[in-house]
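S.K.: The structure under discussion is supplied below as structure tokens; questions concerning it will follow.
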Amino acid sequence: METLIALIQAHIEHAHFIIFGSLLLAGLNIPVSEDAMLFISGVLARQYPDQLPYLFAAVYLGAYGSDLICYSLGRIVGPKIVHISFFAKMVPPKRVEKIHAYYESHGIATLILGRFIPFGVRNGLFLCAGLGKMSFIKFALADLLAPCVRLVVASKIL
Numbered sequence: 172m173e174t175l176i177a178l179i180q181a182h183i184e185h186a187h188f189i190i191f192g193s194l195l196l197a198g199l200n201i202p203v204s205e206d207a208m209l210f211i212s213g214v215l216a217r218q219y220p221d222q223l224p225y226l227f228a229a230v231y232l233g234a235y236g237s238d239l240i241c242y243s244l245g246r247i248v249g250p251k252i253v254h255i256s257f258f259a260k261m262v263p264p265k266r267v268e269k270i271h272a273y274y275e276s277h278g279i280a281t282l283i284l285g286r287f288i289p290f291g292v293r294n295g296l297f298l299c300a301g302l303g304k305m306s307f308i309k310f311a312l313a314d315l316l317a318p319c320v321r322l323v324v325a326s327k328i329l
């Protein structure tokens, strides 16, 4: 992660592309911290105000794209993965059903609150939404608002 931060700071004119790409990789469950990318963008936006619109777009679209990738993995690849014993232990069908029921009863609140939980829980929620066959349109529309809420909260902290 330190190498990525150094790369971003050394190439500020391309920072938004690096951050966007890193966030998309996080959607594939590659260990890139979405939170770190968010805070790095905030610090860079403060140091380089002319980069603010690009950094905002990179973080927003990267986080949103990451969520759609993770959901799609659960929807398309997930049903095949849960039949492999190693992965079946990680995501038991009862847990997927429980999370899907939670999505049905609490809707957008699940996505917004789940966005604030680090350490893979966020991707787990999105993956389970795909595994539970949540409507893609419903997921995409609800998740369109969730990164915005997170960015507003983070901007208040910085």
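Number 329 marks the last residue of the sequence shown (this note's numbering); no jumps.
No residue lacks a Cβ here, since even glycine has one placed at the ideal position from N, Cα and C.
What residue ranges within the region 282 to 314 form continuous alpha helix (DSSP H) runs of no fewer than 4 residues, ordered along the chain?
M.R.: Counting only runs of 4 or more, we get 292 to 302.
S.K.: So, with DSSP's three-state summary, where would you put P224?
M.R.: Sequence index remark: in the sequence shown, residue 224 carries index 53 (1-based). Three-state result, P224: helix.
S.K.: Between the alpha carbons of L282 and L239, how many angstroms are there, rounded?
M.R.: Reading the sequence shown from its first residue, position 111 is the one you call residue 282. Reading the sequence shown from its first residue, position 68 is the one you call residue 239. Their Cα atoms are separated by approximately 12 angstroms.
S.K.: Buried or exposed for D206, please, with buried defined as at least 16 other CB atoms from any protein chain shown within 10 angstroms of its CB.
M.R.: As a working mapping, residue 206 is identified with position 35 in the sequence shown. D206 is exposed by the Cβ-count criterion.
S.K.: Please state whether DSSP places H182 in a helix, a strand or coil.
M.R.: Position 11 of the sequence shown, counted from the first residue, corresponds to residue 182. Three-state result, H182: coil.
S.K.: Can you tell which of G301, I270, H187 has its C-alpha closest to the C-alpha of I211?
M.R.: Taking the sequence shown and counting its residues from 1, the one referred to as residue 211 is at position 40. Comparing Cα-Cα distances from I211 to each of G301, I270, H187, the minimum goes to H187.
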